[in-house]
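Under the numbering used here, read the sequence shown as residues 265 to 509, first letter to last. Structure first, commentary second.
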Amino acid sequence: MENCQIGVFLAYASGAGHALIDRELYLPESWTSDRDRCRAAGIGDEVKFATKPVLAQHMIERALDAQVPFSWATADEAYGQVKYLRVWLEERDISYVLATRLGGDVFTPDGRAGRADEMIAAIPPKQWRRISAGDGAHGRREYSWVRIPIRIAWAPGRGHWLLARRSLSDPTEIAYYICAGPRRTTLTELATVAGSRWRVEECFQQAKNEAGLDQSRYAPTGPGTPTSPCRCSPSPGSQARKPKP
Numbered sequence: 265m266e267n268c269q270i271g272v273f274l275a276y277a278s279g280a281g282h283a284l285i286d287r288e289l290y291l292p293e294s295w296t297s298d299r300d301r302c303r304a305a306g307i308g309d310e311v312k313f314a315t316k317p318v319l320a321q322h323m324i325e326r327a328l329d330a331q332v333p334f335s336w337a338t339a340d341e342a343y344g345q346v347k348y349l350r351v352w353l354e355e356r357d358i359s360y361v362l363a364t365r366l367g368g369d370v371f372t373p374d375g376r377a378g379r380a381d382e383m384i385a386a387i388p389p390k391q392w393r394r395i396s397a398g399d400g401a402h403g404r405r406e407y408s409w410v411r412i413p414i415r416i417a418w419a420p421g422r423g424h425w426l427l428a429r430r431s432l433s434d435p436t437e438i439a440y441y442i443c444a445g446p447r448r449t450t451l452t453e454l455a456t457v458a459g460s461r462w463r464v465e466e467c468f469q470q471a472k473n474e475a476g477l478d479q480s481r482y483a484p485t486g487p488g489t490p491t492s493p494c495r496c497s498p499s500p501g502s503q504a505r506k507p508k509p
């Protein structure tokens, strides 16, 4: 691919529907360090290099400033494995379910460090629960889910968990998530938030079909538009909160 644009997108989803509500163009350092190249492309000198997680922070900050009512944020492991993003969300009292790597380090409430996959492998089989993570094109998306507490809560009434999602047809296919939210959050609520990230892909597909998201008039060679999604949503089964100013 000789020419492409990489975007970071923010999607919003609720029981009433879902849509992309914000976006940021990701520019690698090879671009931002070449001001002549940026000027030729119409990119102002004020645009500096920013990582994708930082771009996600900018969009979530704008959502907060606009008083968009949401209770949870979720994103893929490109964001979930970034500690400063998780800390930033918690400082703003934003609950999250963020995908992480199977080999990602997590800490137990007593301070011991361990790998996510090893901690989940030690859980007795009877603790796994079959839960639907929402409806898909082919029916209910059902998986086995389990969680364990991790870390010491940073604030009263808050909890942290390592969440795992296992395929029903292939038990070796397991996804891992770092979660933070109200201490009384249920496993079903966490699974619902984790599963809601599929709405992002639905937003992209609709945008490609109806608005040509994957097309560009500037590149006759046929570029694509790689995307890095981040999502915010109302709390499942509860009223969405107004974000703090």
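Note that beta-carbon positions come from the ideal geometry of N, C-alpha and C, so glycine has one too.
First through last residue of the alpha helix (DSSP H) which encompasses residue i
{"i": "Leu451", "result": "451–459"}
{"i": "Ala280", "result": "First-last for Ala280: undefined, no H or E at that position."}
{"i": "Gln469", "result": "462–475"}
Where residue i falls, given that 16 or more other Cβ within 10 Å makes a residue buried
{"i": "Arg376", "result": "exposed"}
{"i": "Glu437", "result": "exposed"}
{"i": "Ala419", "result": "exposed"}
{"i": "Ile395", "result": "buried"}
{"i": "Val567", "result": "Nothing can be reported for residue 567: it is not among the residues displayed for the chain, which extend from 265 to 509."}
{"i": "Gly501", "result": "With a pLDDT of only 38 at Gly501, under 50, the local geometry of the prediction cannot be trusted, and the value read off the model is given with reservation. The residue is exposed, with fewer than 16 neighbouring Cβ atoms inside 10 Å."}
{"i": "Arg461", "result": "buried"}
{"i": "Ala277", "result": "buried"}
{"i": "Ala330", "result": "exposed"}
Within 8 Å, strictly: CB atoms of residue i and residue j
{"i": "Trp320", "j": "Val272", "result": "First, the residue type needs correcting, since residue 320 is Ala and not Trp in the sequence shown. It is a contact, given that the beta carbons lie within the stated cut-off."}
{"i": "Pro435", "j": "Trp425", "result": "no"}
{"i": "Pro317", "j": "Leu349", "result": "yes"}
{"i": "Leu353", "j": "Tyr360", "result": "yes"}
{"i": "Leu531", "j": "Ala458", "result": "No answer is possible for residue 531: it lies beyond the span of the chain, which begins at 265 and ends at 509."}
{"i": "Tyr463", "j": "His282", "result": "Per the sequence shown, residue 463 should be read as Arg rather than Tyr. Yes, the pair counts as a contact, with Cβ atoms nearer than the cut-off."}
{"i": "Ala363", "j": "Glu341", "result": "yes"}
{"i": "Arg301", "j": "Trp295", "result": "yes"}
{"i": "Gly476", "j": "Gly445", "result": "no"}
{"i": "Tyr441", "j": "Gly344", "result": "yes"}
{"i": "Glu406", "j": "Leu432", "result": "yes"}
{"i": "Arg447", "j": "Gly421", "result": "yes"}
{"i": "Val358", "j": "Ala380", "result": "It is Ile, not Val, that sits at residue 358 in the sequence shown. For Ile358 and Ala380, no; Cβs fall outside 8 Å."}
Bounding residues of the beta strand (DSSP E) (the contiguous stretch that carries residue i)
{"i": "Glu437", "result": "Neither: Glu437 is in no beta strand (DSSP E) and is coded neither H nor E."}
Sequence-distant residues of its chain with Cβ nearer than 6 Å to residue i (five each side left out)
{"i": "Leu284", "result": "Phe273, Ala275, Cys467"}
{"i": "Trp392", "result": "Ser408, Val410"}
{"i": "Arg287", "result": "Gly271, Phe273"}
{"i": "Arg505", "result": "Summary for Arg505: the model assigns pLDDT 45, below 50, so the residue's position carries little reliability; its value from the coordinates is reported in the next sentence. Closer than 6 Å at the Cβ level, and outside the excluded window around Arg505, lie Ser335."}
Same chain, Cβ closer than 8 Å to residue i, five either side skipped, listed in chain order
{"i": "Arg411", "result": "Trp425, Leu426, Leu427, Ala428, Cys443, Leu451, Leu454"}
{"i": "Val311", "result": "Leu291, Thr296, Cys302"}
{"i": "Pro373", "result": "Pro413, Ile414, Arg415, Ile416"}
{"i": "Asp309", "result": "Arg299, Cys302, Arg303"}
Own chain, CB closer than 7 Å to residue i, minus 5 neighbours either side, in chain order
{"i": "Phe371", "result": "Ala377, Ile414, Arg415"}
{"i": "Val346", "result": "Pro317"}
{"i": "Met383", "result": "Val370, Ile412, Leu426"}
{"i": "Leu289", "result": "Gln269, Gly271"}
Which runs of the alpha helix (DSSP H), 4 residues or longer, sit entirely within the segment 289–336?
-> 293–296, 299–304, 316–329
Give, in chain order, every unbroken run of the beta strand (DSSP E) that is at least 3 residues long and sits entirely within the segment 352–430.
-> 359–364, 369–371, 377–379, 393–400, 403–413, 422–430
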